[in-house]
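In terms of our numbering, the sequence shown opens at residue 517 and continues consecutively.
For reference, the structure discussed in these notes is given below.
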Amino acid sequence: MKAEERTAVFRGDGCRSPFGEDYPAAPHEGEGLRCCWTQQDKGLLLGIAMMRRGMLPQEWLQATAQHHLKHRSSVGPSKPVSQPRRNIVGCRIQHGWKEGNGPVTQWKGTVLDQVPVNPSLYLIKYDGFDCVYGLELNKDERVSALEVLPDRVATSRISDAHLADTMIGKAVEHMFETEDGSKDEWRGMVLARAPIMNTWFYITYEKDPVLYMYQLLDDYKEGDLRIMPDSNDSPPAEREPGEVVDSLVGKQVEYAKEDGSKRTGMVIHQVEAKPSVYFIKFDDDFHIYVYDLVKTS
517 MKAEERTAVF
527 RGDGCRSPFG
537 EDYPAAPHEG
547 EGLRCCWTQQ
557 DKGLLLGIAM
567 MRRGMLPQEW
577 LQATAQHHLK
587 HRSSVGPSKP
597 VSQPRRNIVG
607 CRIQHGWKEG
617 NGPVTQWKGT
627 VLDQVPVNPS
637 LYLIKYDGFD
647 CVYGLELNKD
657 ERVSALEVLP
667 DRVATSRISD
677 AHLADTMIGK
687 AVEHMFETED
697 GSKDEWRGMV
707 LARAPIMNTW
717 FYITYEKDPV
727 LYMYQLLDDY
737 KEGDLRIMPD
747 SNDSPPAERE
757 PGEVVDSLVG
767 KQVEYAKEDG
777 SKRTGMVIHQ
787 VEAKPSVYFI
797 KFDDDFHIYV
807 YDLVKTS
């Protein structure tokens, strides 16, 4: 057997040369009974054994060791390998929030969804708040000390699946109690069942067209939610066989405000129960807006 073909022989606690000399396991050996010496390591050990038997001159060791160390220092990745981010949809989170010169406030909530057309954007329901927020949690400089909490989102069985399906896509009157005890009526539309928090529903209102979520079945049973008759709703437009309805999801939009200024954003979701209704996330706002975008041309 030629010298360059000789290899180290496996031994449970290390390696040994073909001449029978034992060497400790390589410092980069992994778990399990596996010898992890590289080919350079094995060649160096073989040369040492041959030198001890007078088969190589003493000067060989110094020259070979310098070459070996130079080679080892030049290999390896040129930059750290980035680890993929953990999927946090469905997780409970908490983080700090600082806007402008204001103090840092602490927020805790549930991550409902990750927006497919903008994977940096997450939809979040924060504890104590009824509206849904859209934040780029890993990019927004106002977010600090983001932490995924160990507690899990409690899952509950929906009490009336038929009623839940019936109210989706329907116009409703939602009653809220004011500070003086009187009832304030808000007309809105139930958009969908909320993800993750399965007893909650997405809803929006004529007075405030942003995305909210409530446990509407409880409100219905308590008499605070009334489903409006849909006789006045216009029937869905008839489609030709094979007709494909274009979606606006992923499109950039521009909105002109009353003061003449403009704001830009992106359409991030189409409501399945009402295909003309979309969720929009504007660049300068963390609320999710809900608009009926009717094609006019």
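For every residue, glycine included, the Cβ atom is placed at its ideal position computed from N, Cα and C.
Pairwise C-alpha distance: residue j and residue i
i: LYS737; j: GLU657; result: 43 Å
i: ASP653; j: ASP676; result: For clarity, residue 653 is Leu in the given sequence; the question names Asp instead. Roughly 35 Å between the two C-alpha positions.
i: ALA542; j: ASP667; result: Model confidence at ALA542 stands at a pLDDT of 40, short of 50, so the residue's coordinates are unreliable and nothing is read from them.
i: ASP643; j: TYR649; result: 11 Å
i: TRP613; j: ASP746; result: 43 Å
i: MET713; j: TYR771; result: 31 Å
i: LEU733; j: GLY739; result: 10 Å
i: ARG673; j: ASN617; result: 44 Å
i: ILE640; j: GLY697; result: 30 Å
i: THR682; j: ASP808; result: 21 Å
i: ASP724; j: GLY704; result: 9 Å
i: SER763; j: LYS773; result: 24 Å
i: LEU637; j: ASP801; result: 12 Å
i: GLU521; j: LEU651; result: In this predicted model, GLU521 has a pLDDT of only 38, less than 50, meaning its place in the structure is not dependable enough to derive any value.
i: TRP623; j: VAL669; result: 16 Å
i: PRO791; j: LYS767; result: 15 Å
i: GLN731; j: THR715; result: 6 Å
Enclosing beta strand (DSSP E) for residue i [first to last residue]
i: ASP629; result: 621–630
i: PHE798; result: 793–798
i: HIS803; result: HIS803 -> no beta strand (DSSP E), and no H or E assigned at all.
i: GLY612; result: 607–613
Residue i at chain B interface by Cβ criterion, 8 Å
i: VAL810; result: Included in the structure is just one protein chain, with no chain B present.
Start-to-end residues for the alpha helix (DSSP H) that takes in residue i
i: ALA680; result: 677–683
i: LYS737; result: 732–737
Cβ pair residue i, residue j closer than 8 Å
i: GLN630; j: VAL605; result: yes
i: VAL627; j: CYS647; result: no
i: PHE798; j: GLY776; result: no
i: LEU741; j: ASP735; result: yes
i: THR694; j: LEU707; result: no
i: PHE795; j: VAL806; result: yes
i: PHE692; j: TRP702; result: yes
i: ILE784; j: VAL633; result: yes
i: HIS611; j: ALA687; result: no
i: MET744; j: GLU689; result: yes
Proximity test, residue i beta-carbon vs the ligand MN heavy atom, cut-off 7 Å
i: PHE798; result: As far as ligands go, the structure on display features none, and thus does not contain the ligand MN.
Identity of the residues DSSP links to residue i by a beta bridge
i: THR780; result: GLU770
i: ASP808; result: VAL793
i: GLU501; result: The displayed coordinates of the chain run from 517 to 813. Any statement about residue 501 would go beyond what the structure contains.
* Asked: Could you give the uninterrupted runs of the beta strand (DSSP E) lying entirely in the stretch 692–746, keeping only those of 3 residues or more?
  -> 699–709, 717–721, 728–730, 741–743
* Runs of beta strand (DSSP E) lying entirely within the stretch 633–667, each at least 3 residues, in chain order -> Restricting attention to beta strand (DSSP E) runs no shorter than 3 residues, the stretch 633–667 encloses them at 638–642, 648–651, ordered along the chain.
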